[in-house]
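**Q** In the UniProt record's numbering, the protein residues as written are 1 to 238. Yeah, the Cβ is synthetic: ideal placement off N, Cα and C, and Gly gets one too. Note that the structure is a prediction, hence the values are computed from the model and not measured.
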C-alpha cells in the first residue's frame with residue numbers, strides 16, 4: 001500500500017503545483033521511469049523538491065534524475081522506502097507517511113461546516129500554520145483550488161479549526177489542517193480528522209494518506225486514529 005499512498009501524495013502535489021502556477025517561480029510535478037518528481041524553485045519551498053516512488057530497481061534512474069539540469073544546481077531530496085539505504089548518499093532525516101485503511105466509521109457529533117467561505121477558511125488555516133512569505137502564498141493558492149474539500153470545526157458559532165482533503169482514485173489525502181493558537185488543546189484536529197475519514201469511507205475510498213513531521217502533534221493524532229506510519233528515509237547527494 002505504500003506505493004499507492006505515494007501515488008496519492010504525488011497527485012495532490014501535482015494539483016498544488018497547478019494551483020500555484022501564478023506565483024513567482026516554477027512549480028512542476030511529473031513521472032519518469034516510475035519515479036515521482038516535484039520541482040519548486042522558491043528557496044522557502046525547497047522541502048517540496050523531491051524524488052519519491054523509488055525502488056531498488058529504479059534507484060539508478062533516481063540517481064541520474066537527481067543530477068539533471070532541471071534542478072538548476074539545487075538538487076532534490078530523495079525519499080526512499082524503509083530499508084533502502086544506498087551508499088554514497090547523505091541521510092537527511094525522515095519523511096513519515098501515515099496510511100489509514102477506511103472501513104465503516106462513525107461520523108463525529110461535532111458541528112462541521114463542509115462548505116465554508118474560502119476567505120474564512122483560509123484565515124483559520126493560515127492563522128494556525130503561522131507561516132509567512134512564499135510558504136503562505138503556496139498554501140493559500142493550493143487551498144483555493146476547487147478540487148480541495150474544505151471543512152471548519154465550529155463551536156458556539158465560532159470557527160476554531162480548519163482541515164482539507166482531496167480525492168485521488170482509491171485514496172484521499174488529508175491536508176492541510178491547522179488550529180489557531182488560541183483554540184489549541186481542545187481536540188479540534190482529531191475531530192476534523194474523524195469527520196473526514198468517515199466521509200471518505202462513506203464515499204467508498206479504501207484508504208487515507210497524510211504526511212507529517214516526526215514528533216509532531218499531527219503525527220500523534222494520526223497514530224491514535226489507527227494509522228500505520230512508514231518512516232521513509234530522506235537522502236541528499238553527497
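Quick check for students: name the residue ranges of the beta strand (DSSP E) that lie wholly in the UniProt domain "N-acetyltransferase" (100 to 238), counting only runs of 3 or more.
**A** Runs of the beta strand (DSSP E) inside the UniProt domain "N-acetyltransferase" (100 to 238): 149 to 155, 158 to 168, 171 to 178, 207 to 211, 228 to 237.
**Q** Around the Cβ of residue 121, are there at least 16 other Cβ atoms within 10 angstroms (buried) or fewer (exposed)?
**A** Locating residue 121 in the chain shown gives position 121, where the first residue counts as 1. It counts as buried.
**Q** Leaving out five residues on either side along the sequence, give the residues of the same chain with a beta carbon under 6 Å from the beta carbon of residue 42.
**A** The residue you call residue 42 lines up with position 42 of the chain shown. Same-chain partners within the cutoff: 25, 134.
**Q** Hey, could you find the ends of the alpha helix (DSSP H) residue 12 is sitting in?
**A** Translated into positions along the chain shown, residue 12 becomes position 12. Element bounds for residue 12: 2 to 19.
**Q** State the CB to CB distance for the pair residue 149 and residue 165, rounded to an integer number of angstroms; the pair is presumed to be in contact (CB under 8 Å).
**A** As a first step, residue 149 must be located in the chain shown, where it is residue number 149. As a first step, residue 165 must be located in the chain shown, where it is residue number 165. Right, their Cβ atoms sit about 5 Å apart.
**Q** If you check the beta carbons only, do residue 211 and residue 97 fall under 8 Å apart?
**A** Start at 1 with the first residue of the chain shown, and residue 211 comes out as number 211. Start at 1 with the first residue of the chain shown, and residue 97 comes out as number 97. Against a cut-off of 8 Å, the Cβ pair of residue 97 and residue 211 comes out as a contact.
**Q** Using a Cβ cut-off of 8 Å (strictly closer), state whether residue 226 contacts chain B.
**A** The structure shown contains no chain B, having only a single protein chain.
**Q** I need the DSSP call for residue 62, collapsed to helix, strand or coil.
**A** One-based indexing of the chain shown puts residue 62 at position 62. DSSP places residue 62 in helix when its eight states are reduced to three.
**Q** Comparing the CB of residue 211 with every heavy atom of the ligand ADP, is any distance shorter than 7 Å?
**A** Inclusion of the ligand ADP in the displayed structure is not the case, the ligand content being empty and no account of it being possible.
**Q** Could you pull out every residue in the same chain whose Cβ sits closer than 6 Å to the Cβ of residue 46, ignoring the five residues on either side in sequence?
**A** Indexing the chain shown from 1 puts residue 46 at position 46. Excluding residues within five positions, none has a Cβ falling inside 6 Å.
**Q** Buried or exposed: which applies to residue 218, given that a residue is buried once 16 or more other Cβ atoms fall within 10 Å of its Cβ?
**A** As a first step, residue 218 must be located in the chain shown, where it is residue number 218. The residue in question, residue 218, is buried, as its Cβ has 16 or more Cβ neighbours within 10 Å.
**Q** If I'm right that residue 22 touches residue 58 with Cβ under 8 Å, what's the distance once you round it to whole angstroms?
**A** Against the chain shown, residue 22 aligns to sequence position 22. Against the chain shown, residue 58 aligns to sequence position 58. 33 Å between Cβ atoms; not a contact.
**Q** Please name the residue in 53, 32, 161 whose C-alpha comes closest to that of residue 114.
**A** Working through the chain shown from its first residue, we reach residue 114 at position 114. Out of 53, 32, 161, 161 has the C-alpha closest to the C-alpha of residue 114.
**Q** For residue 100 and residue 124, what's the separation of their Cα atoms in angstroms?
**A** Position 100 of the chain shown, counting from 1, holds the residue named residue 100. Position 124 of the chain shown, counting from 1, holds the residue named residue 124. Going from the Cα of residue 100 to the Cα of residue 124 covers about 26 Å.
**Q** Below 8 Å between beta carbons: does that hold for residue 174 and residue 209?
**A** Taking the first residue of the chain shown as 1, we reach residue 174 at position 174. Taking the first residue of the chain shown as 1, we reach residue 209 at position 209. Contact flag set, yes.
**Q** In chain order, what residues of the same chain lie with their CB nearer than 8 Å to the CB of residue 139, ignoring the 5 residues before and after it?
**A** The residue labelled residue 139 in the question sits at position 139 within the chain shown. Same-chain partners within the cutoff: 125, 126, 129, 131, 176.
**Q** Can residue 90 and residue 186 be called in contact, C-beta distance under 8 Å?
**A** Counting from one through the chain shown, the residue named residue 90 turns up at place 90. Counting from one through the chain shown, the residue named residue 186 turns up at place 186. No; because the gap between Cβ atoms is not below 8 Å, this pair is not in contact.
**Q** What is the C-beta distance between residue 245 and residue 196, in whole angstroms, given that I count them as a contact (C-beta under 8 Å)?
**A** Nothing can be reported for residue 245, as the shown portion of the chain is limited to 1 through 238.
**Q** Give me the DSSP bridge partner(s) of residue 27.
**A** As a working mapping, residue 27 is identified with position 27 in the chain shown. Paired residue(s): 40.
**Q** State yes or no: is the C-beta of residue 52 within less than 8 Å of the C-beta of residue 79?
**A** Stepping through the chain shown from its first residue, residue 52 is reached at position 52. Stepping through the chain shown from its first residue, residue 79 is reached at position 79. Yes, the pair counts as a contact, with Cβ atoms nearer than the cut-off.
**Q** Go through its chain and collect everything with a Cβ distance to residue 205's Cβ below 8 Å, but skip five positions before and after it.
**A** Translated into the one-based positions of the chain shown, residue 205 becomes position 205. 102, 167, 170, 171, 172.
**Q** Starting from residue 98, follow its DSSP beta bridges and name the residues at the other end.
**A** Walking along the chain shown from the start, residue 98 turns up at place 98. BP columns for residue 98 point to 210, 229.
**Q** Going by CA-CA distance only, name the one from 36, 55, 27, 37 that's closest to residue 44.
**A** Indexing the chain shown from 1 puts residue 44 at position 44. Ranking the options by Cα distance to residue 44, first place goes to 27.
**Q** Distance check for residue 87 and residue 222, CA to CA, integer angstroms please.
**A** For the purposes of this step, residue 222 is taken as the residue at position 222 of the chain shown. For the purposes of this step, residue 87 is taken as the residue at position 87 of the chain shown. Going from the Cα of residue 222 to the Cα of residue 87 covers about 32 Å.
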